[in-house]
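In the working numbering, the protein residues as written are 22 to 419.
Note sheet for the following structure.
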C-alpha cells in the first residue's frame, strides 16, 4: 500500500523556535538569548508572579469541579477582562476565553472571514510573523502597509495611511495595541482617532490585537486610546493575551472581544463564534482564566499584581535607556537613541539576516534575521559589553 504521508513535504522550520533551541544548546557561558518573546528578570528567568501563586493556592482549596464551562469559558474572567478593555460591557459585547492570544486570533479571524467572505487583511510591515501564519492557515489573503519608526520613535503615520489607500469596504484592518511587535513603535491617541475615521469612511472591519497591556505606560494608559477607538466604531473584533502581563505563557490564557452594532447582530456573531470554537478546540481552558479572575476580583491580589506588572514595566524602561545609551556610545550613531523612546519588549536593530547569523556564531548573541531583539533578555550588568559586541555587525546607516 502506498504511503500518503510520504507525499507530504516538511513544513518550513519556525525560525524563532529554532533559534530558541539553538540558544538552549549553546554551551558558551556568556551567550545571550534575545530571540523568543518572553519576559525575563535580571537572572534570565521567567518566574511565576507572586499574585498568580496566591491565586492558584486559593483555587486549589476552593475549586469544586473540572467540568466544561461552555464555549465562552469562565464568565467571571470574560466580564473582568472585558471591563479592563472597554470599561463597561453592554448588550453589544461578547467575551470568549481562548487558548492564548493566538487562539483568539484564530477564532477572531474566522469570524471576520464569515462577516466578509473574500476580504483581504491589511497587516503592518513588519508584524508578528504568526499574524500572517494564522491568516494563511485560514486562506485569508494579506496586504502589507508600511510601519516604520521615525527619528522621534513614532510611526511614519503618513506612510501607514498611504498603504491603506487600496483598502476596500469589507477588508480587515489588523492593528496592534501598545508595545507593537516587533518594532516597539506605537500609535498615538490622535492617530488611533484618525484611524477610526478612516475605518468609518472606507467601511473596514477593525481587528485589534492586544498582547501587552500594562507594559508601555500603565494599565489604563495603554488601553484608553483603544477604548476610545472602540467607542467610535460600530463593530470590531479584539484579541487579548494574558501571557505577558500575568506571566501565564504556558497556561494559554487569552480572550476574544466581539463588539457588534446591535444586540441582534451580536446574537448572530456570538453563535457563529461558538460554532467555530466547537469545531476547533471545542471548549477553552479554565485554569488560566480562573487565575486571572481570582486576581482581578480581589482588591489585594489586584493591587499586588499591578505592582508586579509595574516592576516589569520599569525594568524594561531601564533596560531601554541603558542599552540605547551604550549602543550610541559604541557606534557613534545617534539614531539608535530611538530604542529608548519605544515601548514594550521589542525593538529592531539595523542589521542584515546574514550578520545576525554571524553575530550568533561569533559572539553567542541570538536574535532572528529580522533584527528584532527582546529587550527583556538583556542582562542589566552586561549592557556595555553586549553593545560593544553588537556594534560591528550593525548597518552603518541604521
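In this text, a Cβ means the ideal position worked out from N, Cα and C, and glycines have one as well.
Would a C-beta distance cut-off of 7 Å place residue i and residue j closer than the cut-off?
i: residue 96; j: residue 291; result: no
i: residue 118; j: residue 276; result: yes
i: residue 217; j: residue 166; result: no
i: residue 194; j: residue 225; result: yes
i: residue 343; j: residue 404; result: yes
i: residue 351; j: residue 252; result: no
i: residue 192; j: residue 141; result: yes
i: residue 168; j: residue 176; result: yes
i: residue 106; j: residue 278; result: yes
i: residue 260; j: residue 101; result: no
i: residue 270; j: residue 243; result: no
Which whole-angstrom value describes the C-beta separation of residue i and residue j, a residue pair presumed to lie in contact below a C-beta threshold of 8 Å?
i: residue 236; j: residue 366; result: 7 Å
i: residue 305; j: residue 120; result: 6 Å
i: residue 287; j: residue 76; result: Residue 287 to residue 76, Cβ: 30 Å. No contact.
i: residue 90; j: residue 307; result: 6 Å
i: residue 234; j: residue 266; result: 6 Å
i: residue 399; j: residue 38; result: About 21 Å separates the two Cβ atoms, so there is no contact after all.
i: residue 53; j: residue 385; result: 7 Å
i: residue 262; j: residue 122; result: 3 Å
Express the C-alpha separation of residue j and residue i in angstroms, rounding to a whole number.
i: residue 146; j: residue 133; result: 21 Å
i: residue 246; j: residue 47; result: 43 Å
i: residue 190; j: residue 196; result: 17 Å
i: residue 310; j: residue 303; result: 16 Å
i: residue 419; j: residue 371; result: Because the pLDDT of residue 419 is 46, which lies under 50, any placement of that residue in the model is unreliable, and the number read from its coordinates should be weighed accordingly. Between residue 419 and residue 371, the C-alpha separation is close to 5 Å.
i: residue 495; j: residue 320; result: Within the shown structure, residues of the chain are numbered from 22 to 419, placing residue 495 beyond reach of any answer.
i: residue 300; j: residue 93; result: 14 Å
i: residue 31; j: residue 130; result: 25 Å
i: residue 156; j: residue 389; result: 22 Å
i: residue 99; j: residue 318; result: 12 Å
Got a sec, what are the start and stop residues for the alpha helix (DSSP H) residue i sits in?
i: residue 98; result: 96-107
i: residue 151; result: 150-158
i: residue 161; result: Looking at the DSSP string, residue 161 is not in any alpha helix (DSSP H), and its letter there is neither H nor E.
i: residue 375; result: 374-384
i: residue 415; result: Neither: residue 415 is in no alpha helix (DSSP H) and is coded neither H nor E.
i: residue 212; result: 210-223
i: residue 178; result: 178-183
i: residue 38; result: 36-46
Let me check you understand the geometry: is the CB of residue i closer than 6 Å to at least one non-hydrogen atom of the ligand FMN?
i: residue 339; result: The ligand FMN is not among the ligands present in this structure, which contains no ligands whatsoever.
Which residue marks the beginning of the beta strand (DSSP E) containing residue i, and which one marks its end?
i: residue 228; result: 226-231
i: residue 116; result: 114-120
i: residue 142; result: 142-146
i: residue 273; result: From DSSP, residue 273 is part of no beta strand (DSSP E); its letter is neither H nor E.
Which parts of the region 276-361 are runs of the beta strand (DSSP E), unbroken and 3 residues or longer, counting only runs that do not cross its ends?
-> Unbroken beta strand (DSSP E) runs of no fewer than 3 residues, entirely contained in the region 276-361, are not found.
Which whole runs of the alpha helix (DSSP H) in the region 71-98 are 4 residues long or more, in chain order?
-> 71-83
Unbroken stretches of the beta strand (DSSP E), 3 residues or longer, contained in the region 244-269 = 257-262
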